[in-house]
Every structure is written in C-alpha cells, then in structure tokens.
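Protein chains in written order, with my numbering: chain S, 3 to 229; chain Y, 3 to 229. C-beta: ideal position from N, C-alpha, C; glycine also. Here the structure is a predicted model, which means the values were calculated and not measured.
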DNA sequence: TAGATTGTTAATCGATTAACAATC
DNA sequence: TAGATTGTTAATCGATTAACAATC
C-alpha cells in the first residue's frame, strides 16, 4: 500500500531514448548541470571533466559521474565529457522539447511575473495563456501572453492539450482551481500558493513557494552561531 | 576537507531554546507543519495526532514523531499534540521572530511580486526595501515597499542590520549584486536568478528558481507513462 | 479496563562518497 | 610512456520506516 514498485528495470522499448525513472535527488541536479553546460557552450568550452563540474556546482566528482552514467551519457578517459553532446543529452533527457503548453492561473503579481520570465524559451517551455476572473484585466497582455477568462480554462486544457498548470491564486482559491484543472485533464501542477493542495495519484504536484524558501534560509542563518 | 563536523552535540547553553542544527530534510518539512498547524488553529482544532498530520502532508506518522521529538516538542499518549503549543513551538523554532529585515534587489516583475506577497507578516518576516538601478522607478512604492537606488544598498545593510538579501536581477548582474551584499555584511541570500552564485562559507545561499521547479515537474510528468 | 497514541530504538532503505581497474 | 580521467563496484553515511514498550 503506497508502495510504488521500484526496481522494475524498465528499459525504453525500441527507441534509444533514456526514459527510466530517476531518483528525485538526481532530477533536482539535472537542471543545474544543464544550466552550467549551456553557459560553457556559450563560452566556447569544448571539454569538461567531472571534477570541474563538481567544483562549480559544489558536488563531488563521484556524484557527477554517477549521475551522468545513470543517464547513459559517456565521457572519455583523460578528456572528460564533450560539452556540446552533454548539453544536448541533458536537454533531451529533461524532456522539455516534448513538453506541452503551460497555463498560469491568477494574473496577480506572481502570475504575471511568471509569465514575463524570459528563461522559458531557452528550456523549450511555452506559456499558452494567463487566466483570471477579474473582468477588468481579461484581454490584456503581459509580455505577449494574453489574460483570458478563467471560464475558458477547462476547454482550453482539452482543446490545446495543455498538460501543465501553474497555480498563482490566493490560498483560498487554490484547491478550487486545482480541482477545475484536474477535472479538465491536467497532468501536472506547479503550486505557488501557500496551502497544501490534493490531487489524485495520476496528477503530479510540485510546490514552489518563495516564502517557504525564504523561511528555510532564515532558519539556516539564525542557527549559524555554532560555526 | 569540506567536512563540516557533524555529530557535535551542541546543546543550547543556558536558555531552554532549541537551537541545535537540524538536517535539511527536517528543515524543509518544518514550514509545512507550521502551515498546517496555523490552519488547524484558525479552525479551532485543539488536538492533532501524528497520524493525522502525516495523512495531510503525505508523510508517515513515524517521520512526524521523529521530527517533532528532535524539536523537543512533546505530545500526549492517546490525545496527540496540542495544536496551540505545537504551532507556537514551530513558529519559535523557525526563528522568524528574531529575523532581520530583508532587502530585495531588482524591482522587475519578480522582485515586485516578491515584495507584494502578503504572507510575510504571518511568518514574522519584513521587507525593508526594494533596490534597483533604473532612475525612472526609484522612489516609487510597491505595496508600501519603497524602491531605492541600488547605490544605497551597502549603507542600508550596515546601518539597518539587514541580514537577508533576495536576488531578483538578470543572471548577468547576479554575481555582482551578490558580491556587493557579501561585502556589506549580508548573512544569507535567496537567489532567484538562473545562474549559480558563489559566496564565502559564512554566507548562506538558497536557490529558488521557478523555471527549474517547473522543469522538474515537466520531467516527472513526461516520464510518467510507466505508472 | 481496553484501546489509542506517544517516544525511541533498531532495521531498512536509498543516496553519496571512496576506491580502483580500465583506458586513452 | 606516464598521468589523468572515466565507469563502476563496494563502503559509508544519513534519512525514513517499522516496531514496540510506556502511558494516558
């Protein structure tokens, strides 16, 4: 019960694509590798060793090699890893190329800030639309993203195969918006609201709250007297 | 080398305050407990069991009891934990009461969204000021937070004992802003910029990037075919 | 009382690190 | 060649879970 059957050695059938499930520890590091590799690439660096990657990201070379080998990315003795190939592999593995459209619910400060981020394109992500219930702002644009009526959301999700939703509404409305999206067939939800939301097992939820991140930092800083 | 000497059984000297170092796994759960407890309290619930907390936050009762016992918070057999006391203990342990002022650097979409969040007060956090280099917006207010000239930042950090800084500037300026704050004596930095920043050991950094959180979610959703 | 729930010890599980033969 | 660096196995470390006596 609650056991998610690990250890099943699911190789990807027929395609050469790496698509086995990775531990969340690795998944959290992958975007950081990608970020660094993109930067190296833009600087014209051709080869990089696990040692150098580890130094930069404050990891051990061992961890880096373990991670990359799990991904089936191979390097060369004495030279390390080819930056260009590694960057492309990481980009592919992160799966953003095949990623669907994203809907952002709530066109307040946080929702519009999210919509205005320029980093999405670099990662192969695209925002379909912002949704709000305030008639005064419906129809406006935030950096080329239209604000639509939240009533249009369910139909848009179905029609345009939107798989990801971002909840940027006040806590009191979060679960309601969540249910609406689940009902319409959303696959994953990024929750920016400061409240726990429940979904059925087949819908992934990731919490990303700035206040909680800040609070973690506060804790670390205030308990630092010992060092 | 790089070994941070764990296992040192540092009891708090003289005061009864719990201030030993907790593992980051626990620190990440604490704000979630607090959030839930605050909600229970507002609903008038008096007692809560580890089982119920675990159900709600999708943990095991065992983990919950371990976490709370590490915090020296005690419950009662048969009744569980007293909501009011537990809430206050968590609030105290998170240390936000003694937290200093916060500076936000970069008054773009993300910085202003951060400044406009209403959740800070509930957590005992206060934003001192927003900083930017754009003369056209200096002097403006975002929900009662003033936008000041970034040139004032070092002096403000020193004079008003600002211990926490939030980096909400473009990646190209992030390290520069970071260095400026470190130089002025900042204690912790929340980094929203999509680039790795380096600090000396005595300055804590916590990364919080929405794009990376979203990318993690994309990965989980796109590799879900197996379930 | 009987049953529920804690607090804590021991067992398990998983992630990180060390070590080293293979290789370029 | 000698030295550097990989890929992978084994060892270590830490976090989670199970189990159960104590207790209300």
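For residue 130/Y, no chain S residue has a C-beta closer than 9 angstroms to its own C-beta; the minimum C-beta separation is roughly 14 angstroms.
Ranked by Cα distance from residue 195/Y, the first of 181/Y, 205/Y, 51/Y and 173/Y is 173/Y. Between the alpha carbons of residue 28/S and residue 37/S lies a gap of roughly 15 angstroms.
Around the beta carbon of residue 111/S, a 10 Å sphere encloses 16 or more other beta carbons of the protein chains shown; the residue is thus reported as buried. 8 angstroms or more divides the Cβ of residue 179/Y from the Cβ of residue 164/Y. Under the 8 angstroms Cβ criterion, the segment 46-56 of chain Y counts as touching the segment 79-93 of chain Y, having at least three qualifying pairs. Residue 205/Y places its beta carbon less than 8 angstroms from that of residue 190/Y. A Cβ of chain Y is located within less than 8 angstroms of the beta carbon of residue 30/S. Within the segment 69-91 of chain Y, no residue places its CB atom closer than 8 angstroms to a CB of chain S. Restricting attention to 123/Y, 186/Y and 134/Y, the CA atom closest to the CA of residue 201/Y is found in 186/Y. A distance below 8 angstroms separates the beta carbons of residue 96/Y and residue 221/S. Annotation: the continuous alpha helix (DSSP H) that includes residue 94/Y extends over 85-95.
Between residue 217/S and chain Y, the shortest Cβ-Cβ separation is below 8 angstroms. In the assembly as shown, residue 143/S is an exposed residue. Its beta-carbon has fewer than 16 other beta-carbons within 10 Å. The Cβ atoms of residue 219/Y and residue 23/S do not sit closer than 8 angstroms to each other. Between residue 188/S and residue 152/S a beta carbon distance of about 14 angstroms is seen, past the 8 angstroms cut, so the two are scored as non-contacting. For residue 213/Y against residue 122/S, the beta-carbon gap comes to about 7 angstroms, under 8 angstroms, which counts as contact.
Annotation note: the segment 134-175 of chain Y contains the following uninterrupted alpha helix (DSSP H) runs of length 4 or greater, listed N- to C-terminal: 155-161.
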